[in-house]
Amino acid sequence: MAESLKLGVHGLLHELNTTLGTSYTQNIPSLSYLLSNCITQNYDFGTVYAQFRPFWHDLTAIEDSLYTGKKKDKDMQQRALVGNSIVDIKIPPQHVWDLYSNRVVPCWVIKNKQWPKPISHAWVDETDQNNVWMPINRYEWPVPIPKGANLDLIRIEMLNLGVEYTWLDVLCLRQKGGKREDLCAEEWQLDVATIGYLYHVAEVVVWYLSGLGQPLSLKEGDLDSDWSWFRWAWTLQEIGEDQIIAGDTEDGPLHAKPIDGEGHYADKVLTRFYKQLHALDNISPDSYDIFDKITGLASCLESAKIPAYYENQSLEDAWTALVNTIIPWLRGDLFFLYPEPGNMGKKWRPSWDQVIKEPLPTKDSCEAWVGWNEKENEDWCEGYCIEKATVLGLNMGNMEDADRFGKLIIDIYGEKHIFKVTAEHYHPIPEGIYTAISAHTTLERWVIGRRLPNDRLEKVSVLTLPNPKEREKLKNLQIMTKTLNFLV
């Protein structure tokens, strides 16, 4: 028999009054009805307490808050997802962990729309974890936690940090194996794709770097493990503005002292740990679940909308969906800075296979713009175009020295104009005649490609015209035309 059923309305009200220091009676309008509904839902007292606590000291609008709040939240989620794209990433997660009541509750019960302070943690191998059924999430799904971890101790640590509501993936993101596993795909569409925004706006993120609820420790090989927190691309979106490292112990790594002024420690593993801690932008591209890379990138790249998450979607399709939604000047960087044509589908930007083998461009934005027509599925770039230009001297790649020097030759009525160009990469560019396009008035960065029918352009490579005087000379030739190019 459920706890609320045994207590009845009178017993539930008595427990709430005792816990919250009030003396309400059943004469308050709608209160008996709401408590009866909790009994019908088979809520235990912890769940009842979690739902009523935020509104208990102002019961005038409690019914409206509990019921219309749920509807408003559902409407917000439906508006956020349009087709396969999320047009509003600034939506709260669907569940949060109320640390006061020790229950997972819908996010809409949080009064004043405060954002929870999330937890980030390293995962462990399945052989080192247990799947535990527990009342915190009303036994909705088994919670995967490391062997030896205790959510009660994690809760105490978070409460000691002054946290009231938190978001923890294993508790707040529906897991497989539960009573309503069919809801996973629906909830993951939004939560997995947008959770990065929660970490972005959080006042503080709590890190468990050695595993959820585990004391922080380091030994040889930890930082190279597939399970290292630093090697999961997912953590790209979990860094946050301010962090607290949990699991600290008196003799733990956080209390080690450097042996010099250059950040070296007596233990090489400690030295590397602190270097990684201070250089989180250099998280390794190798991760256990490569799909996390794409979903993590979605929350790191600036975008007005991001693709929804579909577990069965191929890696290449997920990457394509992401590229279609990021802001146009980031697409421009992929076009003008990435040195090779795509090798799968689109030629104008790298495939996912290329992205994981060679880093994305890290130079400053070239301020180019590549648009996307969603209806026609057309990628386009308006730029300053030279229809015929000969490229020489860059046909030999050089792994040792990325910067290579060649020539761009333009023939105007038999007179050849020669410009010094640079390839800031090691990929060879076959000598030949190309169409060249630059999307910015500085004319510094160029894509060279093959002109196809119907104003289409097939990318071959990229090069740079580094000398401002050479660029001015090119402008004065007045041979460039501003052209709308459809990219294949």
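With this note's numbering, letter number 80 in the sequence shown gets 92, and the count goes up by one each step, no holes.
Even for Gly, the Cβ is constructed at its ideal location relative to N, Cα and C.
Can you give the beta carbon distance from residue i to residue j, rounded, assuming they're within the 8 Å contact cut?
i: Leu477; j: Glu456; result: 6 Å
i: Leu28; j: Trp68; result: 7 Å
i: Gln255; j: Val216; result: 7 Å
i: Glu386; j: Arg463; result: The Cβ separation is near 25 Å, so there is no contact.
i: Phe431; j: Leu346; result: Contact doesn't hold; Cβ gap of about 25 Å is too wide.
i: Gly273; j: Lys287; result: Incorrect: roughly 14 Å between the Cβ atoms, too far for contact.
Residues in the same chain with beta-carbon distance under 8 Å from residue i, minus the five sequence neighbours each way, listed in chain order, please.
i: Ser113; result: Gly58, Thr59, Tyr61, Ala62 and Arg65
i: Glu84; result: Note that residue 84 is Lys in the sequence shown here, rather than Glu. Excluding residues within five positions, the ones whose Cβ falls inside 8 Å are Trp120.
i: Leu43; result: Leu25, Tyr36, Leu71 and Ile74
i: Val281; result: Leu230, Lys231, Glu232, Asp234 and Leu235
i: Leu17; result: Ile51 and Asn54
i: Thr30; result: none
i: Asn294; result: Residue placement at Asn294 is poorly supported in this model, since its pLDDT is 43, which falls under 50; the coordinates still yield a value, given next. Around Asn294: Gln288.
How about residue i and residue j: are their beta carbons less than 7 Å apart?
i: Tyr220; j: Pro130; result: no
i: Phe285; j: Leu230; result: yes
i: Pro128; j: Val108; result: yes
i: Pro440; j: Asn407; result: yes
i: Ala448; j: Gly395; result: no
i: Trp360; j: Lys481; result: no
i: Trp153; j: Gly189; result: yes
i: Asn149; j: Val175; result: no
i: Asp76; j: Tyr177; result: no
i: Thr495; j: Cys393; result: no
i: Leu46; j: Val21; result: no
Find the nearest neighbour of residue i within the set the options, judged by alpha-carbon distance.
i: Val367; options: Glu482, Ile207 and Leu327; result: Leu327
i: Asp391; options: Leu469, Leu289, Ile148 and Tyr350; result: Leu469
i: Ser132; options: Met170, Leu266 and Thr453; result: Met170
i: Ser363; options: Ala333, Ile339 and Ile421; result: Ala333
i: Lys419; options: Trp384, Asn479 and Thr453; result: Asn479
i: Glu436; options: Val459, Pro104 and Thr34; result: Val459
i: Ile491; options: Ile421, Asn172, Arg115 and Ser222; result: Ile421
i: Val500; options: Glu427, Met356 and Thr402; result: Met356
i: Thr434; options: Gly160, Gln53 and Arg416; result: Arg416
i: Gln90; options: Ile103, Tyr79 and Leu78; result: Ile103
i: Lys86; options: Tyr151, Leu202 and Trp179; result: Leu202
i: Tyr209; options: Ile101, Arg167 and Thr495; result: Ile101
i: Arg483; options: Pro465, Thr453, Phe498 and Asn143; result: Thr453
i: Gln106; options: Ile207, Asn336 and Asp56; result: Ile207
i: Gly225; options: Leu346, Tyr425 and Asn162; result: Asn162
i: Asn49; options: Leu78, Gly426 and Asn39; result: Leu78
i: Asp329; options: Trp341, Lys358, Lys369 and Pro340; result: Lys358
i: Asp140; options: Gly160, Met146 and Tyr151; result: Gly160
i: Leu289; options: Phe242, Val335 and Lys269; result: Phe242
i: Asp56; options: Met146, Val182 and Pro41; result: Met146
Once you ignore the five residues that flank residue i on each side, which residues in its own chain have a CB closer than 6 Å to its CB?
i: Gly344; result: Ala380, Trp381 and Val382
i: Gly81; result: Trp120
i: Gly264; result: Leu228
i: Gly223; result: Ala134, Val136 and Pro158
i: Gly405; result: Gly418 and Lys419
i: Leu266; result: Asp260
i: Ile445; result: Lys400 and Thr402
i: Gly95; result: none
i: Asn336; result: Trp384
i: Lys369; result: none
Enumerate in chain order the residues of its own chain whose CB-to-CB distance from residue i is below 7 Å, with the five nearest sequence positions on each side excluded.
i: Asp301; result: Confidence at Asp301 is low in this model, with a pLDDT of 44, below 50, so the placement of that residue is unreliable and no value is reported for it.
i: Asn488; result: none
i: Ala214; result: Trp127, Lys129, Pro130 and Gly252
i: Ala258; result: Glu169, Val218, Trp219 and Tyr220
i: Gly23; result: none
i: Pro351; result: His437, His439, Ser473 and Val474
i: Leu180; result: Trp109 and Ile131
i: Cys184; result: Pro105, His107, Val108, Trp109 and Val116
i: Ile271; result: Tyr277 and Ala278
i: Trp341; result: Ser377, Glu379, Ala380 and Trp381
i: Val144; result: Pro154, Val155 and Ile157
i: Tyr151; result: Trp145
i: Arg167; result: Leu111 and Asn114
Could you tell me whether any Cβ in chain C is nearer than 7 Å to the Cβ of residue i?
i: Thr337; result: No chain C appears in this structure, which consists of one protein chain only.
Given 8 Å, three or more beta-carbon pairs between the segment 223 to 238 and the segment 194 to 208: In the pairwise beta carbon analysis, the segment 223 to 238 is classified as not touching the segment 194 to 208: fewer than three pairs are separated by under 8 Å.
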